[in-house]
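The listed protein sequences correspond, in order, to chains A and B.
For the first sequence, full-length UniProt numbering assigns the number 1 to the initial residue and increments by one for each residue that follows.
For the second sequence, full-length UniProt numbering assigns the number 1 to the initial residue and increments by one for each residue that follows.
2 protein chains.
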Amino acid sequence: MSAEDVKLKLVEAEEPDENDYRLQEQVGFILRKAHQRHVSIFAAHIADLTPPQFAALAKLHDVGETSQNQLGSLIAMDAATVKGVIDRLKARGLVELSKHEVDKRRLLVSLTAEGRNAVERLIPIARDITQETLAPLSAKEAAIFMKLLAKLA
Amino acid sequence: MSAEDVKLKLVEAEEPDENDYRLQEQVGFILRKAHQRHVSIFAAHIADLTPPQFAALAKLHDVGETSQNQLGSLIAMDAATVKGVIDRLKARGLVELSKHEVDKRRLLVSLTAEGRNAVERLIPIARDITQETLAPLSAKEAAIFMKLLAKLA
DNA sequence: TCAAATTCATTCGTATGCAAATGATATCAA
DNA sequence: TTGATATCATTTGCATACGAATGAATTTGA
Chain A
1 MSAEDVKLKL VEAEEPDEND YRLQEQVGFI LRKAHQRHVS IFAAHIADLT
51 PPQFAALAKL HDVGETSQNQ LGSLIAMDAA TVKGVIDRLK ARGLVELSKH
101 EVDKRRLLVS LTAEGRNAVE RLIPIARDIT QETLAPLSAK EAAIFMKLLA
151 KLA
Chain B
1 MSAEDVKLKL VEAEEPDEND YRLQEQVGFI LRKAHQRHVS IFAAHIADLT
51 PPQFAALAKL HDVGETSQNQ LGSLIAMDAA TVKGVIDRLK ARGLVELSKH
101 EVDKRRLLVS LTAEGRNAVE RLIPIARDIT QETLAPLSAK EAAIFMKLLA
151 KLA
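Below you can see the structure in the form of structure tokens.
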């Protein structure tokens, strides 16, 4: 092998061209898998509620009555998505809706007594879910990870 | 305030009970948001393909012809999901299907010439998408983040 | 060998998630 | 004041994502 060949080989090894794209190493792909894993852990602990549904309940418990859109922005859901989530929670009697007295465009959402009980019962379990999701990391790693993840989101 | 009151207050501050659950700090919630952000960045660069569709094409480009289920396991999609993705890629002429000669259960998937062209054209853009997704982090932070994220996924 | 278990694929039902269009109401600005 | 904008909510259409059920084909094991 000539010196030129060696040089070419090194360049190839250090600068992968478009023929060497590693899907499994792309942040989007791994982010999707990590999210899938979390949803799966969530479902194993809380079978009758999805993460978005629980997010809506937890946020309502936190801030009290709010409009549907406002709730959506608090839990990072667009208007169309939050509507579906709230509809299903309402059908199960966990939230109730009412019209805003002054601004007739707004639909106010609040927890029912049953919804409040559910959230308060589930919050300790949600803490377990967070812990189990982070279990592959040491405490120190988890702290670093959360800091960096927050920067990305 | 008595010494006892002070002690109670400290305990409360350090050991939040179930009334103090911060949704915005839970790994699942932030993971969902980070994933949403990535999908949005992806869509801004590649409007006519979704991340799962691109993943299927990129993986086919990598490994060549495979069965639908095998492809699914390579890109972390269950059988029902991968079927939908492949159906849509087939309808657009980017992949083609054929029956496995020996094992009649299997459906083989491969790139068409058009599909191959598309992947090769898009891979450099996909690199940009990865970069932009990680842009809020320094190079050092990004390296640490990817290592930890991989552990979680 | 042949019955049981496994694998591959499909279908159905449910639940996000988002873009775009629409309608009602509110706010702003000339 | 009123016409242009903006906001809130709904609806439709499309695309993941997964559990569960089903059927066809293959493999295993007693």
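Glycine included, each C-beta is placed from N, C-alpha and C at the ideal position.
Less than 8 Å between CB atoms is the rule here; does residue i satisfy it with respect to chain B?
i                      : result
residue 53 of chain A  : no
residue 45 of chain A  : no
residue 151 of chain A : yes
residue 83 of chain A  : no
residue 112 of chain A : no
residue 93 of chain A  : no
residue 89 of chain A  : no
residue 79 of chain A  : no
residue 66 of chain A  : no
residue 62 of chain A  : yes
residue 30 of chain A  : yes
Can you list, in chain order, the residues of its chain with a C-beta nearer than 7 Å to that of residue i? Leave out the 5 residues immediately preceding and following it.
i                      : result
residue 61 of chain A  : 111, 116, 119
residue 132 of chain B : 41
residue 106 of chain A : 67, 100
Quick check on the burial criterion: 16 or more other C-beta atoms within 10 angstroms. Buried or exposed for residue i?
i                      : result
residue 129 of chain B : buried
residue 124 of chain A : exposed
residue 89 of chain A  : buried
residue 72 of chain A  : buried
residue 81 of chain A  : exposed
residue 58 of chain A  : buried
residue 28 of chain A  : buried
residue 164 of chain B : Shown here, chain B extends from 1 to 153; a query on residue 164 of chain B therefore has no answer.
Under 8 Å between C-beta atoms, does residue i make it to chain A?
i                      : result
residue 104 of chain B : no
residue 10 of chain B  : Because the pLDDT of residue 10 of chain B is 47, which lies under 50, any placement of that residue in the model is unreliable, and the number read from its coordinates should be weighed accordingly. No, no contact with chain A.
residue 143 of chain B : no
residue 71 of chain B  : no
At what residues does the beta strand (DSSP E) containing residue i begin and finish?
i                      : result
residue 99 of chain B  : 95-99
residue 137 of chain B : It is not in any beta strand (DSSP E) - residue 137 of chain B carries neither H nor E in the DSSP assignment.
Along the chain, where does the alpha helix (DSSP H) containing residue i start, and where does it finish?
i                      : result
residue 109 of chain B : Element bounds for residue 109 of chain B: not the alpha helix (DSSP H) but the beta strand (DSSP E), 107-111.
residue 30 of chain B  : 27-45
residue 64 of chain A  : From DSSP, residue 64 of chain A is part of no alpha helix (DSSP H); its letter is neither H nor E.
residue 194 of chain A : Nothing in the structure corresponds to residue 194 of chain A, since chain A is present only between 1 and 153.
residue 79 of chain B  : 79-91
For residue i, which residues in the same chain have their Cβ closer than 6 Å to its Cβ, ignoring the five residues on either side in sequence?
i                     : result
residue 65 of chain A : 108, 110
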